[in-house]
Structures are given as C-alpha cells and as structure tokens.
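This report concerns only the one structure given below.
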Amino acid sequence: MTEETYRGRHIRVRHTTSGPVRAGALSPGVYPGVPSYDVLIDGRPLPVMRRADGSYMSAVNHYESFPTLVAAARAAVDDLRGARLALDDPMLHHA
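For the record, in the sequence shown the residue sitting at position 23 is 23 according to the working numbering, with numbers rising by one throughout.
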C-alpha cells in the first residue's frame, strides 16, 4: 500500500485481492494476471484503468497516460483544483 499527502489531499493506493468487479478497479477476474488496485483521494475512489502499454489513465485525466497509479492520482488532484471526487460514477447510471 502507498499513502501520501499531495497538495493537502490524502492519496492511497492499495492492492486488493478479492471482491466484486466495480468501477475503478482492475479485477483479476477480468484481466487474468493483472493485480487489482483501489486508488483513493481523501477516501473517495478514483476510477483508473491500465492501458495496453502498461501506463494508467483515470476518469479525471482520461486523455493522458501516467507511468504509475500514484502519478495518475497526483494529476487528478491537480485537475480537481480542490473539488472532491463524486461518490457515484455517472458512467454507471442508466438513462
């Protein structure tokens, strides 16, 4: 697990070993051999996805690639400019 404070925001990246498939997690059941991680900013989940080249993108910075999950979280903090992450993922809602 990695924890740090970046620009006054608490970032936590933790390895998860089991649980249901959910937004923001790389599930071993979906991608065999790929570890699953939760990325949290101030305790709120940041949806992340691993790209084919091994880099990461987040729901906040989906047009940029980052070499690590921590780098993706830091970039999200920069772009949020003090705003909080939403607890509900709008991509999961049905019209």
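Glycine included, every Cβ here is placed at the ideal spot set by N, Cα and C.
**Report entry** Beta-carbon gap between Arg60 and Asp42 smaller than 7 Å
**Finding:** The count along the sequence shown starts at 1 and reaches residue 60 at position 60. The count along the sequence shown starts at 1 and reaches residue 42 at position 42. Contrary to the premise, residue 60 reads as Val rather than Arg in this sequence. Taking the C-beta atoms as reference points, Asp42 is found no nearer than 7 Å to Val60.
Requested in this report: Buried or exposed for Pro96, please, with buried defined as at least 16 other CB atoms from any protein chain shown within 10 angstroms of its CB.
Outcome: This structure leaves residue 96 out entirely; the chain is present only between 1 and 95.
**Report entry** Contact under 7 Å by Cβ, Val13 with Val48
**Finding:** As a first step, residue 13 must be located in the sequence shown, where it is residue number 13. As a first step, residue 48 must be located in the sequence shown, where it is residue number 48. Cβ atoms of Val13 and Val48: not closer than 7 Å.
Query - Endpoints, the beta strand (DSSP E) within which Val13 is located - result: Numbered from its first residue, the sequence shown carries residue 13 at position 13. From DSSP, the beta strand (DSSP E) with Val13 extends over 9 to 16.
Requested in this report: Please specify which runs of the alpha helix (DSSP H), each continuous and at least 4 residues long, are wholly inside the segment 28 to 83, giving them in chain order.
Outcome: As summarised for the segment 28 to 83, the continuous alpha helix (DSSP H) elements at least 4 residues long and confined to that stretch are 69 to 80, given in chain order.
Query raised in the report: Can you name, in chain order, every residue of its own chain whose Cβ lies under 8 Å from the Cβ of His53, other than the five neighbours on each side?
Result: Your numbering for residue 53 matches position 53 in the sequence shown. For clarity, residue 53 is Asp in the given sequence; the question names His instead. Contacts found: Ser65.
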